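One structure below.
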Amino acid sequence: MDEKKLIEGLKKKEMWAYEVLYDKYAPRLGSVIRSYLGTDDVDDVLQETFIKVFKNIKKFRGEAKLSTWLYRVAINVCNDIIAKRKRNREYLTDFQENDEKPFLEPPAPNDVFREVMNELSYEELTNIIAKLPEEDRLLIKLRDIEGLSYEEIAQILGKPNGTIKSRLHYARKRLRHLLEEGGYNE
1 MDEKKLIEGL
11 KKKEMWAYEV
21 LYDKYAPRLG
31 SVIRSYLGTD
41 DVDDVLQETF
51 IKVFKNIKKF
61 RGEAKLSTWL
71 YRVAINVCND
81 IIAKRKRNRE
91 YLTDFQENDE
101 KPFLEPPAPN
111 DVFREVMNEL
121 SYEELTNIIA
131 KLPEEDRLLI
141 KLRDIEGLSY
151 EEIAQILGKP
161 NGTIKSRLHY
171 ARKRLRHLLE
181 EGGYNE
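Numbered by UniProt numbering, the letters in the sequence shown go through residues 1 to 186 in order.
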């Protein structure tokens, strides 16, 4: 589907465009939301994200790719939830059964993951990543799993490119440390 045609359909509030947008991006956005918030309330957050997208699609100027803008909206919704949680001292819980598959898609064979995937299961890796701080999980998810460029991540998070590279470097270092603690030496 041509992105320009999809955006035009969304701005005209055509149902087919909403369906295509949801089918194409809901799993990816849901995965990012889950890795950022670490909660099972992904469906609620995803729904809130798409409501904001639908309300604000006319403001989309096309200065970035549609996917970059969508990730930015999702991250803003997550940040709002985190701020609300801190204000209200609320904690979202993860009621996922151990035998259920996580919402995250299997990681692409990039960077840190390439070396460790032969040694540990996807579930073990997901559990280790869950121990990282929120921003570390998000950066690793966007770069190493989703394969976004540093520039796209910088746009999504509203931070300079150099900051993203630096923070991702330290996030990977913390992940590597957790992997080594768990006995998964590269």
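Glycine included, every Cβ here is placed at the ideal spot set by N, Cα and C.
These numbers come from a predicted model, not from an experiment.
Where leucine 142 is concerned, there is no enclosing alpha helix (DSSP H), because DSSP gives it neither an H nor an E. For the pair leucine 148 and serine 166, the Cα-to-Cα distance works out to about 16 Å.
Looking only at Lys141, Leu21 and Ala83, the smallest Cα-Cα distance to glutamine 47 is reached by Leu21. Between isoleucine 75 and tyrosine 36, the C-beta spacing is below 9 Å. Between the region 138 to 155 and the region 59 to 75, the count of Cβ pairs shorter than 8 Å is three or higher; the stretches touch. Linking glutamate 134 to glutamate 124 through their CA atoms gives a straight-line distance of about 18 Å. A distance below 7 Å between beta-carbons, with the five flanking residues on each side excluded, links glutamate 63 to no residue of its chain. Between the C-alpha atoms of glutamine 155 and leucine 10 there is a straight-line separation of about 22 Å. In the DSSP assignment, glutamate 14 falls outside any alpha helix (DSSP H), carrying neither H nor E. Taking each of Ile81, Thr49 and Ile82 in turn and checking the Cα distance to serine 67, the smallest one comes out for Thr49.
By alpha-carbon distance to arginine 137, the top candidate from Arg61, Tyr170, Glu14 and Asp41 is Tyr170. Under the three-state reduction of DSSP, phenylalanine 54 is assigned to helix.
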